[in-house]
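Here is the structure we will look at, set down as structure tokens.
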Amino acid sequence: MKYDLNEIVLGLKSGDLSYLSRSITFIESTSEKHFRFGQEILEKVLDKTGNSVRIGVTGPPGVGKSTLIDILGLHYCNMGFKTAVLAIDPSSKVSGGSILGDKTRMTSLAKHENSYIRPTPSSGMLGGTASRTKESILLCEAAGFERIIVETVGVGQNEINIASVVDVLVMLLNPGSGDELQGIKRGILEVSDILAINKADNGTSLVNETVLEYKNAVRILNYDKEFWRRKVLKISAIDGTNLETLVNAIDDFCSKSRENGFFDKNRIDQEGQRLKEILKEEIFKRAFQSQQFLEKYEEVVERIKNKKATAIKGVMELLNK
Ligand SMILES: Nc1nc2c(ncn2[C@@H]2O[C@H](COP(=O)(O)OP(=O)(O)OP(=O)(O)O)[C@@H](O)[C@H]2O)c(=O)[nH]1
Ligand SMILES: [Mg+2]
9 MKYDLNEIVL GLKSGDLSYL SRSITFIEST SEKHFRFGQE ILEKVLDKTG
59 NSVRIGVTGP PGVGKSTLID ILGLHYCNMG FKTAVLAIDP SSKVSGGSIL
109 GDKTRMTSLA KHENSYIRPT PSSGMLGGTA SRTKESILLC EAAGFERIIV
159 ETVGVGQNEI NIASVVDVLV MLLNPGSGDE LQGIKRGILE VSDILAINKA
209 DNGTSLVNET VLEYKNAVRI LNYDKEFWRR KVLKISAIDG TNLETLVNAI
259 DDFCSKSREN GFFDKNRIDQ EGQRLKEILK EEIFKRAFQS QQFLEKYEEV
309 VERIKNKKAT AIKGVMELLN K
């Protein structure tokens, strides 16, 4: 099929969703040719990007992220903001994903004329895992979206990555999850700006207890934004309890962040960080594509195995290649 770059760029800038979807498909493509074409589109619309609030919603599987995004997104749509949802789906590469699942879970939002919902695969892409979601965000902005909500499961690698593409990160937690604090969640908690204990509609005493536990926890956990005291609130994604409180917390964070200068500085830092990540992946990939490098690599591995060289010495030799 033949594609006309100018037609797509114009369509995208005019806010036409079919052109937006097509552009995202290009940048997510595993075909080198389509991927490059996607980059060309992106380059042509860069001047229209940056004018949104990028909101991350993370949390363990089943905590209610999609349900919350449905009502949060609808709230923004009703306020007149064009709202896009990018749901990062770690399973999509293997199983074809829970695409339908997410769309059916965001039914009210999906129906609204100001909304756009797009599942995005988290891996298996060209040009580095770090880049896809970020580029989808930029394309949504070019299409005129003003609120972009990124959903990601707070497990494994992508939990930290999410903080590097959004302006504000909301961590959704289960009632009674406070005792897991010692373990796995520390990393993501330390980069979350707002903590919300979901499912406040059932068993409020447990919810209140959990709120207290996390309030105590955020006092000790590391956090590097001096302009903001982290909020811990309870919410119900099902009946909408405290949605307003969450919306206000997000607004409040963003205005303080802007006043402080952090908002813009953070975006610049994120770009730099991303550039480094992609560069790292690309250099690594290219090194292993070189036959000469590969031979040297195997030789070094052999010598390390036979206790004839250290790993550091090996790397130095490889770098000389
Ligand atoms: N009682 C109650 N149930 C909720 C609430 N929010 C979500 N649920 C239920 O929890 C289940 C999971 O909700 P989802 O919104 O799909 O959760 P998720 O975090 O997006 O799940 P994954 O994307 O699979 O990680 C669904 O059955 C929801 O109806 C809530 O506030 N209260
Ligand atoms: Mg979900």
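According to my numbering, the residues represented by the sequence shown are 9 to 329, in order. Think of the CB as a built atom: it goes at the ideal place given N, C-alpha and C, for glycine as much as any other residue. Note that the structure is a prediction, hence the values are computed from the model and not measured.
Check: residue 96 by DSSP, collapsed to three states: which one?
Finding: Strand, per DSSP.
Next item on the list: Compute the Euclidean distance between the alpha carbons of residue 172 and residue 216, then round it to the nearest angstrom.
Entry: Between residue 172 and residue 216, the C-alpha separation is close to 31 angstroms.
Checklist line | C-beta atoms of residue 1 and residue 144 nearer than 9 angstroms | finding: Absent from the structure is residue 1, since the part of the chain shown begins at 9 and ends at 329.
Next item on the list: Could you name each continuous alpha helix (DSSP H) segment of 4 residues or more that falls completely within the stretch 229-284, going from the start of the chain to the end?
Entry: Fully enclosed alpha helix (DSSP H) runs of 4 or longer: 251-268.
Next item on the list: Look up residue 179 in the DSSP assignment and give the residues it is bridged to.
Entry: The beta-bridge partner set that DSSP reports for residue 179 consists of 66, 203.
Notebook entry, point to check: From which residue to which residue does the beta strand (DSSP E) around residue 160 run?
Noted result: 155-161 is the span of the beta strand (DSSP E), which, as asked, contains residue 160.
Check: Short check: CB of residue 323 to CB of residue 206, under 9 angstroms?
Finding: Taking 9 angstroms as the Cβ cut-off, residue 323 and residue 206 do not qualify as a contacting pair.
Next item on the list: Less than 8 angstroms between the CB atoms is what I'm expecting for residue 79 and residue 248, so what's the real figure, rounded?
Entry: About 6 angstroms; that satisfies the 8 angstroms criterion.
Item checked: Buried versus exposed call for residue 159 [16 or more other C-beta atoms within 10 Å across all chains shown] -> The residue in question, residue 159, is buried, as its Cβ has 16 or more Cβ neighbours within 10 Å.
Next item on the list: Report all residues from its chain with a CB closer than 7 angstroms to the CB of residue 170; omit the five preceding and five following residues, and keep chain order.
Entry: 64, 66, 158, 160, 177, listed in sequence order.
Notebook entry, point to check: Skipping 5 residues on each side, what residues in its chain have a beta carbon closer than 6 angstroms to that of residue 197?
Noted result: Answer for residue 197: 229, listed in chain order.
Next item on the list: Starting from residue 128, follow the beta strand (DSSP E) in both directions and report where the run begins and ends.
Entry: Start and end: 123-129.
Notebook entry, point to check: Under three-state DSSP, which class holds residue 332?
Noted result: In the structure as shown, the chain starts at 9 and stops at 329, and residue 332 therefore has no counterpart that could be examined.
Check: DSSP three-state call for residue 141: helix, strand or coil?
Finding: In the structure shown, residue 141 sits in a helix (DSSP, three-state: H, G or I).
Note to self: To the nearest angstrom, how far is the alpha carbon of residue 101 from that of residue 38?
What the structure shows: Because residue 101 sits at a pLDDT of 42, beneath the cut-off of 50, its placement in the model cannot be relied upon, and the point is left open.
Next item on the list: Would you decide whether residue 273 is buried or exposed? Buried here means 16 or more other CB atoms lie within 10 Å of its CB.
Entry: Its Cβ having fewer than 16 others within 10 Å, residue 273 is exposed.
Notebook entry, point to check: Nearest CA to the CA of residue 147: which residue from 31, 291, 296, 271?
Noted result: Of 31, 291, 296, 271, the smallest CA-CA separation from residue 147 is found for 31.
Item checked: Residue range of the alpha helix (DSSP H) that includes residue 11 -> Run containing residue 11: none; DSSP gives neither H nor E here.
Margin query: Please tell me whether, using a cut-off of 8 angstroms, the distance from the CB of residue 95 to the nearest non-hydrogen atom of ligand 2 is below it.
Written below: For ligand 2, at least one heavy atom lies less than 8 angstroms from the Cβ of residue 95.
Check: Do residue 40 and ligand 2 come close, with the Cβ less than 8 angstroms from some heavy atom?
Finding: Not so, every heavy atom of ligand 2 lies at least 8 angstroms from the Cβ.
Next item on the list: Look up residue 61 in the DSSP assignment and say whether it is helix, strand or coil.
Entry: Under the three-state reduction of DSSP output, residue 61 falls in the strand class.
Checklist line | Whole-angstrom distance between residue 54 and residue 299, CA atom to CA atom | finding: In a straight line, the C-alpha of residue 299 is about 37 angstroms away from that of residue 54.
Notebook entry, point to check: Which partner residues of residue 91 appear in the DSSP bridge assignment?
Noted result: DSSP, once it has assigned bridges, lists 123, 155 as partnering residue 91.
Next item on the list: For residue 86, name the three-state secondary structure that DSSP assigns.
Entry: Reduced to three states, the DSSP call for residue 86 is helix.
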